[in-house]
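Asks: Here it is: the structure, laid out below.
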Amino acid sequence: MSNYAKVVIKGSPITKSNFKLHNTNGRAILPHSSGKYHDRYALYEYEIALLARSQNPDIIFSESLIALLKVYYKSEKRHPDTINITKSIFDGIEKSGLIVNDAQITKIITEEYYDKENPRFELELFAESEYDLNYTLTKKITPTKPKLYSPLRKNLSNNIYDNCSLADNSKITIKSKTIDTCLEQVDKVSAIIPKGKSCCNICNKIIISNDYIKADSGKTLICKKCFHKLF
């Protein structure tokens, strides 16, 4: 019985939350054969499953495991939340048959790195019956420059006004790099788009009524016309 396995998947990792949709009954669905952009996550999950199995033939873990996950993003500024990446990766690992259930992962360390030329993730699995996990935190002798995260106003983060088509067929896209400038842009857009109106994230048309489907925890809106085209 093997006590160790390693999986390396090239490409920028993605999360399920960005591709999950909800049908008219509110049930979450994950398209895989619509031929549209939303198939991307399901295909990525299958890729993980196939490569994980090919890299570790004949290995099936049935006991509890320790996992070390290193995620290498292409960009330091634009990438999914690492906390969501873990679940997405283990969905694919479970489908590979390498593990019986992702509940087997009892200890996990996740590290975030950046590699513009070779984005990927590297996952190492250790049988808990033969390995133990110890870690220490030490105070830096010379502090490094902190990586700061700035809060954004809600209507900026959900992209409601991003790439919306207006009545005069012009488009407004918030591309500003500073919060103050972004807020000024939002105020300008709010003055043009009727209050309470939102845009379909696929066709970019203003949604006149409640005839739409919510996805990604309400951050993505899709008009029913575009939604039906996906399936």
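In terms of our numbering, the numbers along the sequence shown are unbroken and rise by one, the last being 266. C-beta: ideal position from N, C-alpha, C; glycine also.
#1: How long is the line joining the alpha carbons of residue 190 and residue 258, rounded to whole angstroms?
#2: In terms of residues, what are the limits of the alpha helix (DSSP H) holding residue 117?
#3: Measure the alpha-carbon distance for residue 167 versus residue 122 and round it to whole angstroms.
#4: Which of the three DSSP states is assigned to residue 261 in this structure?
#5: Is there contact between the segment 99-109 and the segment 154-161, where contact requires at least three CB pairs shorter than 8 Å?
#6: Buried or exposed for residue 118, please, with buried defined as at least 16 other CB atoms from any protein chain shown within 10 angstroms of its CB.
#7: With a Cβ-Cβ cutoff of 9 Å, do residue 107 and residue 148 count as a contact?
#8: Just mark residue 40 as buried or exposed, buried being the case when its beta carbon has 16 or more other beta carbons within 10 Å.
#9: With 16 other CB atoms within 10 Å as the buried threshold, where does residue 78 fall?
#10: What's the gap between the Cα of residue 241 and the Cα of residue 88?
#11: Just mark residue 164 as buried or exposed, buried being the case when its beta carbon has 16 or more other beta carbons within 10 Å.
#12: Compute the Euclidean distance between the alpha carbons of residue 47 and residue 114, then round it to the nearest angstrom.
#13: Specify, as a first and last residue, the run of the beta strand (DSSP E) that residue 101 falls within.
#14: Return the first residue and the last residue of the beta strand (DSSP E) that residue 141 is part of.
Replies: In terms of the structure at hand:
#1: Per-residue confidence for residue 190 stands at a pLDDT of 46, beneath the threshold of 50, marking its modelled position as unreliable; the derived number appears in the next sentence. About 19 Å.
#2: Residues 117-131.
#3: For residue 167 and residue 122, the distance between alpha carbons rounds to 22 Å.
#4: The answer is helix: DSSP assigns residue 261 an H, G or I state.
#5: Touching, per the Cβ criterion.
#6: Exposed: under 16 other Cβ atoms inside 10 Å.
#7: Taking the C-beta atoms as reference points, residue 148 is found nearer than 9 Å to residue 107.
#8: So residue 40 counts as buried.
#9: It counts as exposed.
#10: Those two C-alpha atoms are separated by around 45 Å.
#11: Residue 164 comes out exposed.
#12: The alpha-carbon atoms of residue 47 and residue 114 are separated by roughly 8 Å.
#13: According to the DSSP assignment, residue 101 belongs to the beta strand (DSSP E) that extends over 100-108.
#14: For residue 141, the enclosing beta strand (DSSP E) stretches over residues 140-149.
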